[in-house]
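Everything below concerns the one structure shown next.
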Amino acid sequence: MTFEGDDPDAAQTYHFEATFDELLKKLKGLPPLANPPLLEGIDDLTNLSHLNEPAVLHNLHVRYGMHNIYTYSGIVLVALNPFARVPLYSQDILEAYAGRMRGELEPHLFAISEDAFQGMVRDRKNQTIIVSGESGAGKTMSAKYIMRYFASAHEDSGSPNDAAGISRVEEQILATNPVLESFGNAKTTRNDNSSRFGKFLEIRFNERHAIEAAFIRTYLLERSRLVYQPAIERNYHIFYQLLAAVPDDMRDSLGLTDATWETFHYTSQGGSGEIAGVDDAVEFKITSDALSVIGVSDANQKLIYTLLSALLHMGNLEIGGSERMGASIKDDNAACNKVVELLQIDGTLFRKWLTKKQIVTRSEKIVSNLTVVQSQVVRDSVAKFIYAHLFDWIVATINASLVGSAAGGDPASFIGVLDIYGFEHFEHNSFEQFCINYANEKLQQNFNRHVFKLEQEEYQREQLANWTFVDFQDNQPCIDLIEGKMGVLSLLDEESRLQQGTDKTFAEKLYRQFASTPKPQPETPSAFFRKPRFGSDKFTIRHYAHDVTYESEGFIEKNKDTVPDEIQNVLKASANSFLKEILVEPEPEQQPASKGRLSVRAARKPTLGTVFKHSLVSLMETIEATESHYIRCIKPNEAKAAWQFDAPMVLAQLRACGVLETIRISCAGYPSRLLIPEFIHRYRVLLPSEASSQANSMEDVRALAVKILDSAFQESDRYQVGLTKVFFRAGMLALVEKLRVERLNSAATKIQCLVRGYQQRTKFLKMRKAARVIQLGVRGYLARRELQKRRNTRAAVVIQSAVRAYLARSSYARDRHAIVRLQAMVRGKIARKQTLSLRQQRAATAIQKHVRAHQKRRAYLHQRDMVVKMQTNVRVRAARRELKGRKEEVRSAAHFQEVTYKLEGKLMELTRQLQSQRNESKQLSIQLAESEARSAHLAEKLAGSQQESQALRSQQEDRIRLATEELTRQVAE
107 MTFEGDDPDA AQTYHFEATF DELLKKLKGL PPLANPPLLE GIDDLTNLSH
157 LNEPAVLHNL HVRYGMHNIY TYSGIVLVAL NPFARVPLYS QDILEAYAGR
207 MRGELEPHLF AISEDAFQGM VRDRKNQTII VSGESGAGKT MSAKYIMRYF
257 ASAHEDSGSP NDAAGISRVE EQILATNPVL ESFGNAKTTR NDNSSRFGKF
307 LEIRFNERHA IEAAFIRTYL LERSRLVYQP AIERNYHIFY QLLAAVPDDM
357 RDSLGLTDAT WETFHYTSQG GSGEIAGVDD AVEFKITSDA LSVIGVSDAN
407 QKLIYTLLSA LLHMGNLEIG GSERMGASIK DDNAACNKVV ELLQIDGTLF
457 RKWLTKKQIV TRSEKIVSNL TVVQSQVVRD SVAKFIYAHL FDWIVATINA
507 SLVGSAAGGD PASFIGVLDI YGFEHFEHNS FEQFCINYAN EKLQQNFNRH
557 VFKLEQEEYQ REQLANWTFV DFQDNQPCID LIEGKMGVLS LLDEESRLQQ
607 GTDKTFAEKL YRQFASTPKP QPETPSAFFR KPRFGSDKFT IRHYAHDVTY
657 ESEGFIEKNK DTVPDEIQNV LKASANSFLK EILVEPEPEQ QPASKGRLSV
707 RAARKPTLGT VFKHSLVSLM ETIEATESHY IRCIKPNEAK AAWQFDAPMV
757 LAQLRACGVL ETIRISCAGY PSRLLIPEFI HRYRVLLPSE ASSQANSMED
807 VRALAVKILD SAFQESDRYQ VGLTKVFFRA GMLALVEKLR VERLNSAATK
857 IQCLVRGYQQ RTKFLKMRKA ARVIQLGVRG YLARRELQKR RNTRAAVVIQ
907 SAVRAYLARS SYARDRHAIV RLQAMVRGKI ARKQTLSLRQ QRAATAIQKH
957 VRAHQKRRAY LHQRDMVVKM QTNVRVRAAR RELKGRKEEV RSAAHFQEVT
1007 YKLEGKLMEL TRQLQSQRNE SKQLSIQLAE SEARSAHLAE KLAGSQQESQ
1057 ALRSQQEDRI RLATEELTRQ VAE
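In terms of this note's numbering, the sequence shown is residues 107 to 1079.
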C-alpha cells in the first residue's frame, strides 16, 4: 500500500503480509479493513462487510454529514441529535410512513413506531419502544414525536371525533408532555430540557386498534434538584414559569410581588435563570392549558401554584442558632411565616420540629436540639417531600384522566413508550447515578438477550445447516452485585435501618463483602466490584459500558428519603385540604407476626432503593412480556452545535448504549446477508456466460447462487445459503464485491482498448484536415497584420510630434502659474506675521495694566483685612475684661445676700428678745421693713447683673462666630 501526501516524492510504501485466515481472525498488527465504496453511508450498519468500530463510526459520520440523523443497526435505530430544526416530522412525512413496512423508506422513528403498530395488529402482541441515551441526546423529543405518531397516524375512522381531528384521549396524551416537562424537566449543563425522571407511557388500544386510554408510570424523580443545582443549571421549569407569568391577582397573596428567580435560594444557586430562545411566560400559558386538558380545574391549579410558592419561600427560611444552643428560628422570620400561611399549618409546631428531633423509646420520648446544618437538611427534606407528592399527584391525575371509562377492564392491546435516562458517568457520582446505571444494566441485559434471540430465530427460519449458538456477554453478575441477597442495595437498606448507620460504615461493609479477596473468581459479583486506591468512602462498579466510581456520601440519607414523623403530622394536620390530599399514601402492608409472640413493631416504610428496585422489576416484566423495539439517541458533540460530529464522544455512547454489542453478536455468526434474487442480480457476472443459465424456479435460483459462491470461495464455511437469503461471514461480502469489481474492470479494459484505438484513428484524420485549413487562414492573417503594423507606426510618429509640442507648452504655463502663486503665498505670510507681532505687543500691554491694577487692589484688601482683624482682637479683649468685671460684681452681690441672711437671723433673735417690750416693737418693725426693702433691691440688682452677663456672653459668642466666618472666608479666598 502506498500513502501519498502533498509531495509525490515523499510517498512511502508499507507492506503488510498476512494470510486470509489471519485476516478473518483480525490480527492485531493489521489495521481494520475498510468497506467498499458501495457500502459507503448505507442505512443499516449490520449490512457492512467489515463490522468494526472505525467502520461503524465512519458510516454514521458520513450519514450525519448528509443530514441523515437516523441509521439502523439491526433491530436498533440509532438517532443522532442534529441540534437544529430538521424537516422530518411534518404531517406529510408522518402519513408517508403510515402503513409502510420497515425498510421501504429511509430510517426514521416513525418507521419504528409503524413497525410496533403493525406488530401489535398482525401478531396480536403488546409492543414496547425503548428510547434511551444520555442527557441531551434527544430522548424526550423522540418520545414526544412517537406519541404524536400514534395519536395522528392511525385515527379511528369510525369514532365520533373523526370529523374534528384526534380524539379526546389522544389530545390528552399529547397534553401530558408540557405538564411533565414543566414539573419534571430542568436545564442542565448538557441539555436545556433534560428529563430528570424515567417515564413509561402505556398507550392502550381497543379491538379496532384505536387509542382508547393511556397510563403513565414514572421512575426516580431527581428530588435533590429541588434544593440544589450545580453551576449554570436550573431548578424545574415550573418555578421559573410561575415567577414569570403568575396572575397579578395572586402575586401579593403568594408573596411573589416584584419577585424574580434571583429572589429565592432554590432557584438562584445555579446562577442561570433563563434559557436562550425560551419564553417562560409563554411556556406557563402552555402548561396551564395542558393542565386544563388533562382535567385539573382552575381552582386546583391555583392550589398547585400556592404549594410551589410555599416551596420557594421555604428555601429562603433562614435558620440561626449556635453550636452550643442548637438551631433556632425567629418568630418574625418572614419566609417562615409565609410558608405557614400558604400551607395553613401550625407555625409553632412547624418551627419546633424543624429545629428539634424526638427519639421514642419504650418508656419515654426524648427531645433534643438539632444543629443548624441538621435543621437545614430537615427543611430541604420537607420541601422534597412535598414536591415529590405533588408530582405523584399530577401523574395520578393524568392517569385518571387518560384511563377514563376504560378503567374497568384490561386493554385489548397496548404499545409502551419508555423514555429512560441513559448511562451516566460523571466526576462525582452519587445515589442517583447508581440507580440510573442499575436500570441501564437491567435494560442492557434484556437488550442483549433480545438481540441474541432474534439472531437465532433468523438462522432457524432460514434453515441453515452448519451453525452454532452465538455466545454473548451476560451482565448478570453485575446485576447480582447490585440487587443480590447481600448486594449493594441489600447492604444499603440494612445500614439505613440502623440508628447509627453512616455512609462510611456502609462503604466498609461493601469492602468486607466484595473486596476481601484480592483476586475474585471471574463471572462473580466480586469480580465487578473494586475498592479505589484513594478514598475510604468510595467504591467502583464495573458496569457494561464503563467503570464508575461512586461516592458513598449521601447514600444513606437519600435512600431513607424520610421526613420526621412530627413534621409529617404537622403537614397532615394542615387546614389546606389540597395539601392533605396530595400527602395521602397507600396503606402499608401488614407484616406477619412471628410465631410464639406478638409483634408490636410498626410496618417499615420501604426505602427509596427498594421502591426503585420493585418498580424496575415490574418494568422488566412488562418489557419481557412484549415485543421490544429500540431507539438509541446519541449526542454528537458536547457544545450542542448543529451538525458537528465528535467521533470519540459518539463512540463512547455507542459502546454505552449497546449498539456495538449488537454488532459483535452479529459478527459472531453471519452478519452480512442478501436476498438470493438480489445476490444473483448483482454477482451473476462472476460466472461465465455459458454457465449462467436461466433460472425458472426457486431451486434453480438457489443452485445458481451456489455456483456463484463456489466460484468465489474455496471454503464452504465462509457462507450459508438459506431459503430466501445468502449469509456471509464477516468480511466475505466485501471479498465477493472485490471479485465482481475485478471482473467488471477486466471486461471494461478490453472494451476500452478497442474503443480508444478507433477514437484515436478517427481523431488523427480529423486533426490533419483541420491543420491544413488552419495553416491557410493563419498565413493570410499574419500578412494582413504586418501591413496594419506599418500603417500604425507611421501614424504614431505624426501623433507623437503633436503631443510632445502640446505637452511642452502645457508644462511651461503650469510652471509659470505655480511660481506666481508661490510668491503670493510668501508675501502674504510675511504680512500676516508682522500683523500678529503688533497684536501681541498690544495684548501684552493690556495684560500688564490689568495685572498691576489687580495686585494693587489685592494689597489694599489685605491691609484692610489685617486692620479689621486687629480691631476684632482689641474689642474681644475689652469685652473679656468687661465680662470679668461683671462676673466680680455678680460674686459681690452674692456676698451681700449672705450678709443679709445673717442680719435677718440676728433681727429675728432681737425680735424674740424684745417681744416683751411693746414700745420698741414699732421701731424694730420699721427696721425690719427697711431691711426687706434693701433685700428686694439687692435681688433685683442681682437679676439685672445676670441678664447683663448673659447678654455680654451672647454678644461675645456672636462676635467670635462672625470673626470665625470672616477668617474662614478669607482662608477660602
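For each residue, glycine too, the CB sits at the ideal point set by N, CA and C.
Treat the numbers as computed from the prediction; the structure is a model and nothing was measured.
Check: For Glu308, the first and last residue of its enclosing beta strand (DSSP E); Outcome: 304–311
Check: Cβ neighbours of Ser219 in the same chain (closer than 6 Å, five flanking residues each side left out); Outcome: Ile252, Tyr255
Check: Residue environment, Met838, which counts as buried when at least 16 other CB atoms sit within 10 Å; Outcome: buried
Check: Boundaries (first-last residue) of the alpha helix (DSSP H) holding Tyr617; Outcome: 609–620
Check: Simplified DSSP state of Asn422, which is helix, strand or coil; Outcome: coil
Check: Inter-residue spacing [alpha-carbon to alpha-carbon] between Asn158 and Phe553; Outcome: 20 Å
Check: C-alpha distance - Val980 paired with Tyr966, whole-angstrom precision; Outcome: 21 Å
Check: Same chain only: Cβ atoms within 8 Å of Ala270, ignoring 5 sequence neighbours per side; Outcome: Below a pLDDT of 50, predicted positions are generally treated as unreliable, and Ala270, at 42, falls in that range; the measurement from the model is reported next regardless. Contacts found: none.
Check: Span separating the alpha-carbon of Gln750 from that of Val184; Outcome: 16 Å
Check: Meets three-Cβ-pair contact criterion under 8 Å: the segment 230–247 and the segment 292–308; Outcome: yes
Check: His173, buried or exposed, once every other Cβ within 10 Å from all chains shown has been counted against 16; Outcome: exposed
Check: Cα-Cα separation, Phe345 to Ile588; Outcome: 35 Å
Check: 3-residue-minimum beta strand (DSSP E) runs that sit fully inside the segment 877–923, ordered along the chain; Outcome: none
Check: Beta-carbon gap between Ile235 and Ile737 smaller than 8 Å; Outcome: yes
Check: Check whether Thr732 and Asn232 have beta carbons under 8 Å apart; Outcome: yes
Check: Reduced DSSP category for His735 - H, G, I as helix; E, B as strand; rest coil; Outcome: strand
Check: Close Cβ partners of Glu601 (< 7 Å) along its chain, the five nearest in sequence each way excluded; Outcome: Gly607, Thr611, Phe612, Lys615, Ile662
Check: Spatial distance of Leu1068 from Lys990 (CA atoms); Outcome: 22 Å
Check: Three CB pairs or more closer than 8 Å across the segment 669–685 and the segment 472–489; Outcome: yes
Check: The segment 517–537 contacting the segment 619–634, beta-carbon criterion three pairs below 8 Å; Outcome: no
Check: Neighbourhood of Val594 by C-beta distance below 7 Å, restricted to the same chain and skipping five residues each side; Outcome: Leu587, Ile588, Leu616
Check: Rounded separation between Gly377 and Leu144 - CA only; Outcome: 52 Å
Check: For Phe684, the first and last residue of its enclosing alpha helix (DSSP H); Outcome: 683–688
Check: Beta-carbon spacing of Lys666, Gly242 below 8 Å; Outcome: no
Check: Selected residue, minimal CA-CA separation from Ile769, among Arg430, Phe558, Gly1050; Outcome: Phe558
Check: For Glu568 and Thr830, believed in contact at Cβ under 8 Å, the rounded distance; Outcome: 7 Å
Check: Gly427 beta carbon near the ligand COA (any heavy atom closer than 7 Å); Outcome: Of the ligands one can find in the structure shown there are none, so the ligand COA has no counterpart to examine.
Check: From Ile338, Lys975, Ile786, Asp364, residue whose alpha carbon lies closest to that of Ala350; Outcome: Asp364
Check: Residues that Tyr342 bridges to, as DSSP identifies them; Outcome: Ala292
Check: Alpha-carbon spacing of Phe640 relative to Ile435, whole angstroms; Outcome: 40 Å
Check: Exposure label - Tyr825; buried when at least 16 CB within 10 Å; Outcome: buried
Check: Residue span of the alpha helix (DSSP H) that contains Thr234, given as start and end; Outcome: Thr234 -> not in any alpha helix (DSSP H); beta strand (DSSP E) instead, spanning 233–238.
Check: Cβ neighbour criterion (16 or more within 10 Å) applied to Tyr1007; Outcome: exposed
Check: Chain-order list of residues whose beta-carbon lies under 6 Å from that of Leu1073 (same chain, five-residue window excluded); Outcome: none
Check: Cβ neighbours of Thr396 in the same chain (closer than 7 Å, five flanking residues each side left out); Outcome: In the sequence under discussion, the amino acid at residue 396 is Ala, which differs from the Thr named in the question. Once the five neighbours on either side are set aside, the close Cβ partners of Ala396 are Ala281, Pro284, Val285.
Check: Where Arg468 sits in the DSSP three-state scheme; Outcome: coil
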